[in-house]
Amino acid sequence: MAKPAEKVFGYLPDETPSTGKLIVFAFQQLLVMFPATVTVALLTGFHISTTIFASGLATLAFLLITKGKIPLYYGSSFSYIAAIVSITGASFGKVAPDALISQAQWGIIMSGLVSIVA
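If you read the sequence shown in the working numbering, its first letter stands for residue -10, the second for the next number, and so on.
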């Protein structure tokens, strides 16, 4: 008795979905990632445009480093919200003072460097 062929759900790294499916997947990513990135900016008092720009820059850098083999989006992290709010004293929807934002961003950069080294 022959074994039935194993069904694989999704795509392997060397496979590419059809153009129609790629458009649907891109729209799905937009619906998931954009509101999350904006929400973090609103909660922490960061400028929304700066948050989206940094997210896009990090994503492009990652795609260049990996030569586009891993489709990953670098968005804002919710894990830093408590620390950022304690530094900036931000309240929802209001932009924190630039001096306090720069202190919080310095801490985020340093924690990222520690993560890379570790």
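Backbone N, C-alpha and C define an ideal beta-carbon position, used for all residues, glycine too.
Give the secondary structure of residue i by DSSP, where H, G and I count as helix, E and B as strand, and everything else as coil.
i          : result
residue 1  : coil
residue 62 : coil
residue 55 : coil
residue 68 : helix
residue 81 : coil
residue 16 : helix
Express the C-alpha separation of residue j and residue i in angstroms, rounding to a whole number.
i           : j          : result
residue 105 : residue 96 : 14 Å
residue 43  : residue 23 : 13 Å
residue 40  : residue 72 : 17 Å
residue -7  : residue 18 : 34 Å
residue 38  : residue -5 : 46 Å
residue -2  : residue 67 : 30 Å
Using the beta-carbon count (16 or more within 10 Å), is residue i buried or exposed?
i          : result
residue 29 : buried
*Just checking, does the region 47 to 54 make contact with the region -7 to 11 on the three C-beta pairs under 8 Å criterion?*
no
*Would you be able to state if there are at least three C-beta pairs under 8 Å between the region 55 to 72 and the region 83 to 92?*
no
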